[in-house]
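Chains as they are written, first to last, in this note's numbering: chain A, 1 to 117; chain B, 118 to 234; chain C, 235 to 351; chain D, 352 to 468. Glycine residues also receive a C-beta, built at the ideal position from the N, C-alpha and C atoms. Below: the structure, in structure tokens.
4 protein chains.
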Amino acid sequence: MLINIDYGTRIPIYEQIVLEVERLVTLEILKPNEQIPSIRELACSLSINPNTVKKAYDILEAKKIIVTKSTKGTYISENIDNAKKAKKEMLIGKIKNDILELEKLGLSKEEIFKSLK
Amino acid sequence: MLINIDYGTRIPIYEQIVLEVERLVTLEILKPNEQIPSIRELACSLSINPNTVKKAYDILEAKKIIVTKSTKGTYISENIDNAKKAKKEMLIGKIKNDILELEKLGLSKEEIFKSLK
Amino acid sequence: MLINIDYGTRIPIYEQIVLEVERLVTLEILKPNEQIPSIRELACSLSINPNTVKKAYDILEAKKIIVTKSTKGTYISENIDNAKKAKKEMLIGKIKNDILELEKLGLSKEEIFKSLK
Amino acid sequence: MLINIDYGTRIPIYEQIVLEVERLVTLEILKPNEQIPSIRELACSLSINPNTVKKAYDILEAKKIIVTKSTKGTYISENIDNAKKAKKEMLIGKIKNDILELEKLGLSKEEIFKSLK
DNA sequence: GTGGTCTAGACCACA
DNA sequence: GTGGTCTAGACCACC
Numbered sequence: 001m002l003i004n005i006d007y008g009t010r011i012p013i014y015e016q017i018v019l020e021v022e023r024l025v026t027l028e029i030l031k032p033n034e035q036i037p038s039i040r041e042l043a044c045s046l047s048i049n050p051n052t053v054k055k056a057y058d059i060l061e062a063k064k065i066i067v068t069k070s071t072k073g074t075y076i077s078e079n080i081d082n083a084k085k086a087k088k089e090m091l092i093g094k095i096k097n098d099i100l101e102l103e104k105l106g107l108s109k110e111e112i113f114k115s116l117k
Numbered sequence: 118m119l120i121n122i123d124y125g126t127r128i129p130i131y132e133q134i135v136l137e138v139e140r141l142v143t144l145e146i147l148k149p150n151e152q153i154p155s156i157r158e159l160a161c162s163l164s165i166n167p168n169t170v171k172k173a174y175d176i177l178e179a180k181k182i183i184v185t186k187s188t189k190g191t192y193i194s195e196n197i198d199n200a201k202k203a204k205k206e207m208l209i210g211k212i213k214n215d216i217l218e219l220e221k222l223g224l225s226k227e228e229i230f231k232s233l234k
Numbered sequence: 235m236l237i238n239i240d241y242g243t244r245i246p247i248y249e250q251i252v253l254e255v256e257r258l259v260t261l262e263i264l265k266p267n268e269q270i271p272s273i274r275e276l277a278c279s280l281s282i283n284p285n286t287v288k289k290a291y292d293i294l295e296a297k298k299i300i301v302t303k304s305t306k307g308t309y310i311s312e313n314i315d316n317a318k319k320a321k322k323e324m325l326i327g328k329i330k331n332d333i334l335e336l337e338k339l340g341l342s343k344e345e346i347f348k349s350l351k
Numbered sequence: 352m353l354i355n356i357d358y359g360t361r362i363p364i365y366e367q368i369v370l371e372v373e374r375l376v377t378l379e380i381l382k383p384n385e386q387i388p389s390i391r392e393l394a395c396s397l398s399i400n401p402n403t404v405k406k407a408y409d410i411l412e413a414k415k416i417i418v419t420k421s422t423k424g425t426y427i428s429e430n431i432d433n434a435k436k437a438k439k440e441m442l443i444g445k446i447k448n449d450i451l452e453l454e455k456l457g458l459s460k461e462e463i464f465k466s467l468k
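Encoded structure:
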């Protein structure tokens with residue numbers, strides 16, 4: 001599974017894993033009902049502690065993004081549309097905030113959009 | 118100086134001070150060559166330890182946003198254009214990343230811009 | 235790690251650590267990706283306060299000479315060429331200044347080079 | 352008198368004044384028996400505390416670089432050759448050290464001299 | 001009064 | 001165990 005960990009940030013590793021899985025799911029690189037690596041496998045391939053992966057999987061399960069069928073492995077949930085919709089809204093919100101900041105710095109919306117094209 | 122500290126966040130106090138000063142500088146509420154509160158003063162008015170303020174001032178100085186004249190106090194740099202330019206680029210960069218994410222989720226640039234207007 | 239601290243100088247301890255690590259890196263005694271002592275370890279072996287070591291490590295990190303992987307330790311950066319190049323330029327710059335001073339005192343470049351051989 | 356004070360350094364102001372006067376003397380911009388500004392004048396023109404200038408002048412007098420004829424003002428000493436010779440040797444020594452450092456970084460003397468021409 | 005350095009030690013999250 | 005943050009308070013040089 002394509003997960004990159006950045007050690008130079010304040011975001012804890014377990015949270016980075018959560019975000020990465022969410023990203024892969026919303027991008028449909030990970031598809032509903034697809035099996036994902038076991039805790040041990042992922043921990044090994046990322047050279048991190050299994051406890052850390054466990055914590056991430058626990059959170060993902062609480063968010064209903066994955067389900068673990070005990071002894072049979074861990075799978076992406078069937079329904080992931082909510083995740084996608086929430087992510088879109090979150091991103092639009094972030095951009096709006098940043099635009100506000102830029103406007104405070106004296107840029108007009110037109111100038112900003114021009115820089116973005 | 119108008120600085121608000123939020124204790125309920127993961128962002129450390131010293132970094133909040135850095136961000137606040139940067140904000141006040143880019144908004145030109147703090148002007149070039151203007152003196153800012155002494156370490157002890159700010160520490161006192163925020164009810165925090167002087168060392169914490171010192172760390173923030175150290176970072177601001179490394180970013181060339183302030184200059185400290187030992188025994189004479191601390192001042193906003195003469196040239197704050199770098200600070201403003203850097204902030205603009207940072208914000209544009211953030212937005213571009215978010216747009217990329219949205220495009221991966223299936224939105225076109227036109228749709229995105231429409232949501233932002 | 236072979237670091238000597240001189241208490242009889244105006245250079246603060248944390249800066250001496252920075253200079254020593256830079257020296258060891260440019261001399262390739264410390265190699266890329268090599269782990270260096272933990273903050274507590276070095277503090278202990280130098281009989282100084284961990285905060286002082288931390289400050290030195292912070293500066294070295296800002297200079298991109300080391301990277302700290304939280305909870306996993308501190309390492310020499312992969313790419314130390316910047317450090318070496320910066321040091322070379324710094325030294326060449328210092329010498330050029332000194333030569334200028336000597337020329338002002340009436341020596342020619344030839345005379346200076348002769349004294350240096 | 353052409354003296355520049357750098358507030359962004361660890362060298363105290365009084366010492367910077369000492370160094371600047373020494374520099375001007377060795378460069379023969381200030382000549383033997385020439386009168387230099389009074390403490391009050393210099394303090395005023397540099398916008399610093401007279402005590403600071405006083406301390407610098409005391410040191411310069413102890414080094415026999417200036418003499419104060421009380422009530423008549425302060426003058427450059429008659430004999431300044433020793434100062435010049437000492438400075439030359441100091442500079443040559445500094446350069447030799449820097450060259451050693453560069454050689455440790457893998458540069459040959461020829462390469463170094465080439466960078467300096 | 002100012003900033004600069006350092007100590008001693010606490011508490012936290014993370015692994 | 002690791003690093004990250006913060007406090008409380010000391011001492012210093014300088015002005």
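Query, Result
"Evaluate the contact criterion for the region 207-218 of chain B versus the region 158-172 of chain B: three or more CB pairs, one atom per stretch, below 8 Å.", "no"
"Between K186/B and T360/D, what straight-line distance do the alpha-carbon atoms span, to the nearest angstrom?", "9 Å"
"Please determine, among K447/D, I463/D and M352/D, the residue with the shortest C-alpha to C-alpha distance to L381/D.", "M352/D"
"Anything in the region 287-303 of chain C with a Cβ closer than 7 Å to a Cβ of chain A? List those residues in chain order, please.", "V301 and K303"
"State the DSSP-derived secondary structure class of G340/C, mapped to helix, strand or coil.", "coil"
"Could you tell me whether the region 306-316 of chain C touches the region 265-280 of chain C, using the rule of 3 or more Cβ pairs below 8 Å?", "yes"
"In chain order, which beta strand (DSSP E) runs of at least 3 residues are fully inside the region 375-431 of chain D?", "417-420 and 424-427"
"Suppose the cutoff is 8 Å on Cβ atoms and the five residues either side in sequence are ignored; what does the same chain contact list for K343/C look like?", "I333 and E337"
"Are the beta-carbon atoms belonging to T377/D and K445/D less than 7 Å from one another?", "no"
"Within the 7 Å Cβ cut-off, does Y365/D reach chain B?", "no"
"Rounded to whole angstroms, how far is the Cβ of E22/A from the Cβ of I65/A, which I believe are closer than 8 Å?", "6 Å"
"When the Cα of M207/B is compared with those of V67/A, Y7/A and S115/A, which residue comes out closest?", "S115/A"
"Can you check whether the CB of I122/B is closer than 7 Å to the CB of L163/B?", "yes"
"Round the Cβ separation of I48/A and I13/A to the nearest angstrom and send it over; I've been treating them as touching at under 8 Å.", "6 Å"
"Can you give the Cα-Cα distance for F113/A and L141/B, rounded to whole angstroms?", "25 Å"
"Go ahead and pull the three-state DSSP assignment for L119/B.", "coil"
"May I have the straight-line CA-CA distance separating P284/C from N196/B, to the nearest angstrom?", "36 Å"
"7 Å is my cut-off, CB to CB: does L456/D come that close to chain C?", "yes"
"If you measure beta-carbon to beta-carbon, which residues of the region 357-383 of chain D are closer than 7 Å to chain C?", "R361, T377 and L378"
"Give a yes or no on whether the minimum CB-CB distance between D449/D and chain C is below 7 Å.", "yes"
"Taking buried to mean at least 16 other C-beta atoms within 10 Å of its own C-beta, is L177/B buried or exposed?", "buried"
"Using C-beta distances below 6 Å, list every residue in its chain close to R274/C, excluding the 5 sequence neighbours before and after it, in chain order.", "P284"
"Can you give me the C-alpha to C-alpha distance between L341/C and K319/C, rounded to a whole angstrom?", "30 Å"
"Take the Cβ of A317/C as the centre, count every other Cβ of all protein chains shown within 10 Å, and call the residue buried at 16 or more, exposed below.", "buried"
"What residues in its chain sit with their C-beta under 7 Å from that of V301/C, if we drop five residues either side in the sequence?", "E295, Y309 and S311"
"By the 10 Å Cβ neighbour count, where 16 or more other Cβ atoms means buried, how is L19/A classified, buried or exposed?", "exposed"
"Considering Cα atoms alone, identify which of I251/C, K351/C, A277/C and L276/C is closest to K447/D.", "K351/C"
"In angstroms with no decimal places, state the Cα-to-Cα distance between Q133/B and K180/B.", "15 Å"
"Secondary structure at K351/C, three-state DSSP: helix, strand or coil?", "coil"
"Which chain A residues are close to S232/B, counting only those with a beta carbon under 7 Å from its beta carbon?", "I92"
"Against chain D, with Cβ distances strictly below 7 Å, would E268/C count as a contact?", "no"
"Does the CB of L439/D have a neighbour CB from chain C at under 7 Å?", "Leu is not the amino acid found at residue 439/D; the sequence shown has Lys there. Answer yes: the Cβ-Cβ gap between K439/D and chain C drops below 7 Å somewhere."
"Note down, in chain order, each residue of its chain lying with its Cβ closer than 7 Å to the Cβ of Y358/D, except the 5 sequence neighbours on either side.", "none"
"Identify whether Y241/C lies in helix, strand or coil by the three-state DSSP scheme.", "coil"
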